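There are 2 protein chains.
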Amino acid sequence: MIKTPYLLFLGDAPDQLAAKVAQGIKDWRPDNAVGQYRMPSCGADLKIADMTLAEAKEAGAKTLVIGVANRGGIISAAWKEVLIEAMRMGYDLASGLHNLLSEEADLVAVAAETGATLHDVRIASVDYPIANGIKRSGKRCLAVGTDCSVGKMYTALAMDKEMRERGLKSTFRATGQTGILITGDGVPLDAVVADFMAGAVEYLTPDNDADHWDMIEGQGSLFHVSYSGVTMALVHGGQPDALILSHEPTREHMRGLPTYQQPTLAELRDVALTLAKVGNPDCKVIGISVNTQHLNEEEAVAYMAKVEAEMGLPTVDPFRHGAGRLVDALEAV
Amino acid sequence: MIKTPYLLFLGDAPDQLAAKVAQGIKDWRPDNAVGQYRMPSCGADLKIADMTLAEAKEAGAKTLVIGVANRGGIISAAWKEVLIEAMRMGYDLASGLHNLLSEEADLVAVAAETGATLHDVRIASVDYPIANGIKRSGKRCLAVGTDCSVGKMYTALAMDKEMRERGLKSTFRATGQTGILITGDGVPLDAVVADFMAGAVEYLTPDNDADHWDMIEGQGSLFHVSYSGVTMALVHGGQPDALILSHEPTREHMRGLPTYQQPTLAELRDVALTLAKVGNPDCKVIGISVNTQHLNEEEAVAYMAKVEAEMGLPTVDPFRHGAGRLVDALEAV
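These protein sequence lines map, in sequence, to chains A and B.
For my numbering, count along the first sequence from 1 and bump the result up by 9.
For my numbering, count along the second sequence from 1 and bump the result up by 9.
Now the structure itself:
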């Protein structure tokens, strides 16, 4: 568990896209973001207060979060100056970079000296159990995709926000790097050893109030041959009561697999529901989220109307039109 | 890759069952087993030559394989005396124990001194790639089960043996500890990090002659919520051309999951084939293997005749009646 709130380190991000993780934190957990720390050449701006390490510390920040992709896969000397100074001032560090904080001898040495914790959210730091399949109390919702990167995390975050705005009990459960940094907690599922994947999902979504919903962040796709095992562990470990089907309609092929095509939404529904019912016989598919970023408004509305008619399920782009109708469907479960 | 042939270390195995791994090596790769090493209190016997370390060395043994489960989860002082002497004589060591050789400081020290290799087949020692899904040459067969431990490894080994006896090109591809020790090579799939599972299976079953079959060792079950992600990686990473359905008809519930029931063979067929066709649209279910160890001969024959009629697929217990009919079906693909 990463201590919040954060000072968001944007470093020398060349552009806004490079600061995607920091943007996600600011968008979804603005209370977690005390301010941003930018180096002189930074090309990104979250439109929150620029702060020095001292100012943010004064404002309550506990952890300096690296909210930016690094260039060339290395943690630069210029970054390290800031990271080391932060630790000396009492900050913990958190990062989702492939290049681990814990593999940098100088950072490790200062952490040992200052007592700072280095959070590398790409590696699993818990010994997860093997899944026991025992029915848990509370309810769970999982988005499953026709492909990777079709908006599953966004859908879960948007539904969680809508739920909480309605005064309903909801917790977003992060299963990937960005999600973990946004909330400060979660399971880096793609880094968990095979035998413990489903157990890690059970650990992440424990018994809860009967009217509480876990909004579980999806990963991969049952139809993506590189990552389908991870998705399967979510479907079985998560015991979802409700599934959302997620889709991006303009892909020419599966992400990273030029000779593979996305399944239809009907194919996804049938396979995902059959498998989910193994873990929870009462599971239902309750809605469809479409990532329409590559369609104009008219195309998007027409496409979703067509899907809704064909599938008989509320179909929305939560980014474009909000997650309200998906939450309506969840409330009806 | 573990150097063969082996001297099989049975140690102080209390009974035959405790020497299951050694028995598997002797049954399936007798050429890999130069002899057995038993301590005075050993209650197991593989009915092969008892040898001292020196005698087996003389006979060509390269690796001392721990073919026995250890008591209490520790590698005892009595075992270590033998293991250390073996390394001093030039042996490598191989083990599938949870208690790793590489975690025993005294063994590690002697290995460093003598140049011996310590093979812990429960841990992944290769950096496997992420699966790329590219179609590979050659053919592959995978057994998928209605549950864990229903005879998938046995089925693959028996089919591989029958194939080779017929002069056909076949390689058994091990994905678990016992299989790896039997053949000296393989991937410990349950120990691979989630993102790399399917890639590990691709690595294990590379391009091959057009008429060559990989007989891939199955793991878990698509319907077993604890391990289904591992099975999924085999179904997608393996790109099987042929699936065998494996079943044990007397189970009262899924292994280790008292409230879960096994699916029907028809349910398994439908889900497994749908998923396998994502990776290989030409995949076919070609036969059924039944583990009838808890049925008498008459019950077994009647049960299999009933399944064969219902499913329209050759149905055999390869242990009881050989794998010939499954290989016939494979040859017809």
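For every residue, glycine included, the Cβ atom is placed at its ideal position computed from N, Cα and C.
In this text the structure is predicted, and so the values were computed from the model without any measurement.
query, result
"Proximal residues to G247/A (C-beta, below 7 Å), its chain only, five neighbours per side dropped", "R149, L151, V210, T214 and I225"
"Cβ-Cβ distance between K293/B and W222/B below 8 Å", "no"
"Expected contact under 8 Å - CB spacing of D326/A and N305/A to nearest Å", "About 12 Å separates the two Cβ atoms, so there is no contact after all."
"L62/B burial status per 10 Å Cβ neighbour count (16 or more: buried)", "buried"
"Opening and closing residue of the beta strand (DSSP E) in which Q45/A lies", "A42 to R47"
"Cβ neighbours of Y236/A in the same chain (closer than 6 Å, five flanking residues each side left out)", "G229"
"For K293/A, the three-state DSSP class (helix, strand or coil)", "strand"
"Close Cβ partners of T259/B (< 6 Å) along its chain, the five nearest in sequence each way excluded", "H303"
"V351/B classed as buried or exposed, judged by whether at least 16 other C-beta atoms fall within 10 angstroms", "Since the first residue shown for chain B is 10 and the last is 342, residue 351/B is missing from the structure and cannot be characterised."
"Closer than 8 Å at the beta carbon, the chain B residues around D136/A", "By Cβ distance, chain B contributes nothing, its closest Cβ being about 13 Å from D136/A, past 8 Å."
"Cβ pair count under 8 Å reaching 3, the segment 155-169 of chain A against the segment 81-96 of chain A", "no"
"Residues bridged to G20/A [DSSP beta-bridge criterion]", "R47/A"
"Any beta strand (DSSP E) of 3 or more consecutive residues that is wholly inside the segment 236-260 of chain A", "251-256"
"Residues that I139/A contacts on chain B, provided the C-beta gap is smaller than 9 Å", "S235, Y236 and G265"
"Assigned exposure category for E308/B - 16 Cβ within 10 Å defines buried", "exposed"
"Sequence-distant residues of the same chain with beta carbon closer than 7 Å to G195/A, five excluded per side", "R182, A183, T184, G188, I189 and L213"
"Proximal residues to V119/A (C-beta, below 6 Å), its chain only, five neighbours per side dropped", "I93 and M96"
"Listed by chain order, chain B residues near S288/A by CB distance under 7 Å", "A small correction: the amino acid at residue 288/A is Gly; Ser does not occupy that position in the sequence shown. Simply V234."
"Limits of the unbroken beta strand (DSSP E) element including I2/B", "Summary: the structure shown does not reach residue 2/B, with chain B confined to residues 10 through 342, and so no result is reported for it."
"Cβ-based burial, A87/B [other Cβ within 10 Å; buried from 16]", "exposed"
"Beta-carbon gap between D24/B and A53/B smaller than 8 Å", "yes"
"Host beta strand (DSSP E) of L110/A (start-end)", "Taken as a continuous stretch (DSSP letters only), L110/A belongs to no beta strand (DSSP E), as it is neither H nor E."
"Under 7 Å by beta carbon: chain A residues contacting T283/B", "V280"
"Bounding residues of the alpha helix (DSSP H) (the contiguous stretch that carries H330/B)", "P327 to H330"
"The segment 242-259 of chain A: positions lying closer than 9 Å to chain B by Cβ", "A242, L243, V244, H245, G246 and Q248"
"Counted within 10 angstroms of its Cβ, other Cβ atoms place L26/B as buried (16 or more) or exposed", "exposed"
"Closer than 8 Å at the beta carbon, the chain A residues around Y212/B", "The contacting residues do not exist; Y212/B stays about 13 Å from chain A at best."
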